[in-house]
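Undergrad: Which chain is which? The protein sequence lines are A and B, in order. Count the first sequence with our numbering and you get residues 1348 to 1454, in order. Count the second sequence with our numbering and you get residues 203 to 320, in order. What follows is a structure written as structure tokens; I'll ask about it next.
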Amino acid sequence: DIQVTQSPSSLLASLGERVTITCQTSQSISNNLNWYQQKPGQAPMLLIYYATSLQTGMPSRFSGQYSGRSFTLTITSLEPEDIANYFCLQHYSAPRTFGGGTKLELK
Amino acid sequence: EVQLVESGGGLVQPGRSMKLSCAASGFTFNNYDMAWVCQAPKKGLEWVATISYDGSSTYYRDSVKGRFTISRDNAKSTLYLQMDSLRSEDTATYYCARTHRYKDFDYWGQGVMVTVSS
């Protein structure tokens, strides 16, 4: 199975701050990685697919990049509604595997 | 609007069975593969099972093979997960997810909690 290591597991940030979350995969997956946002009690929402493509309807302050086996999700300027859990998913091969998640909180 | 609504969770004793349902709306259900994903308390997400758009193919993670059965009723736009011989380690929130051909899991339900305990 492909291992996905996500960091940090928790993050304190201020409104307006630039936030970066990283997922590292144990083997090359090309760009087959998604990012999701999940708020307590709600369904996860797709933010970024194929590592860099913004899902329709998601704010443009969210972006994704990748280089080799390292993938990053960036929020350019943190808004109150961005406080949530974030996780990544590799869909290069079966079984699908997920990053451990990042809990983003306000400083 | 795509909606996925899970139901059927609750408390169940070890060794017993439980059946989860996921009612889909807002899209043509029989055009999409569907999946179940779970998240145990304080743990990360794990893929559980996938079923093809027509139900002809199913796939399971090793830990549930032979115990869980994924199925679907396209006439009712409903996905199911029959869970037999439940173990304490199956305790988790279970999510159904639509599998887009290119985006993979693009829509998820809000999840349903399953607690396996005596």
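Beta carbons are placed, not taken as given, at the ideal position from N, Cα and C, and that holds for glycine.
1. Residues in its own chain within less than 6 Å of residue 292/B by CB, not counting five upstream and five downstream?
2. For chain A, is any of its Cβ atoms less than 7 Å away from the one on residue 311/B?
3. Would you mind stating whether residue 1433/A and residue 1376/A have Cβ atoms separated by less than 7 Å?
4. What are the boundary residues of the beta strand (DSSP E) that includes residue 1381/A?
5. Please decide whether residue 249/B counts as near chain A, where near means a Cβ-Cβ distance under 7 Å.
6. Show which residues of chain A have a CB atom less than 9 Å away from the CB atom of residue 305/B.
7. Take residue 1386/A and list the residues in its own chain whose beta-carbon comes closer than 6 Å to its own, dropping the five residues that flank it on each side.
8. So, residue 240/B versus residue 311/B, is the Cβ gap smaller than 7 Å?
9. What's the gap between the Cα of residue 1408/A and the Cα of residue 1425/A?
10. Verify whether the separation of the beta carbon atoms of residue 235/B and residue 301/B is less than 7 Å.
11. Roughly how many whole angstroms lie between the Cα atoms of residue 315/B and residue 309/B?
12. Which residues, in order along the stretch 275-300 of chain B, keep a beta-carbon less than 9 Å from a beta-carbon of chain A?
13. Over what stretch of residues does the beta strand (DSSP E) that includes residue 248/B continue unbroken?
14. With H, G and I counted as helix, E and B as strand and the rest as coil, what does DSSP make of residue 276/B?
15. Are the CB atoms of residue 1449/A and residue 1358/A nearer to each other than 7 Å?
16. Which residue from 1414/A, 1444/A, 1410/A and 1364/A puts its Cα closest to that of residue 1435/A?
17. Exposed or buried, what is residue 1427/A when buried is set at 16 or more other beta-carbons lying within 10 Å of its beta-carbon?
18. Please state if the CB of residue 252/B and the CB of residue 358/B are separated by a distance shorter than 7 Å.
19. Taking Cβ to Cβ, would you say residue 228/B is nearer than 7 Å to residue 208/B?
20. Can you pull the chain A residues whose beta carbon is under 9 Å from the beta carbon of residue 261/B, in chain order?
21. Take residue 1446/A and list the residues in its own chain whose beta-carbon comes closer than 8 Å to its own, dropping the five residues that flank it on each side.
22. Using the C-alpha atoms, what's the distance from residue 275/B back to residue 258/B?
23. Between residue 1412/A and chain B, is there a C-beta pair that is closer than 7 Å?
TA: In short:
1. 318
2. yes
3. no
4. 1380-1385
5. yes
6. 1381, 1393, 1396, 1397, 1400, 1402 and 1438
7. 1431
8. no
9. 8 Å
10. yes
11. 18 Å
12. 297 and 299
13. 247-253
14. coil
15. yes
16. 1444/A
17. exposed
18. Nothing about residue 358/B can be reported from this structure: the residues present for chain B run from 203 to 320 only.
19. no
20. 1441 and 1442
21. 1351, 1352, 1353, 1370, 1434, 1435 and 1436
22. 12 Å
23. no
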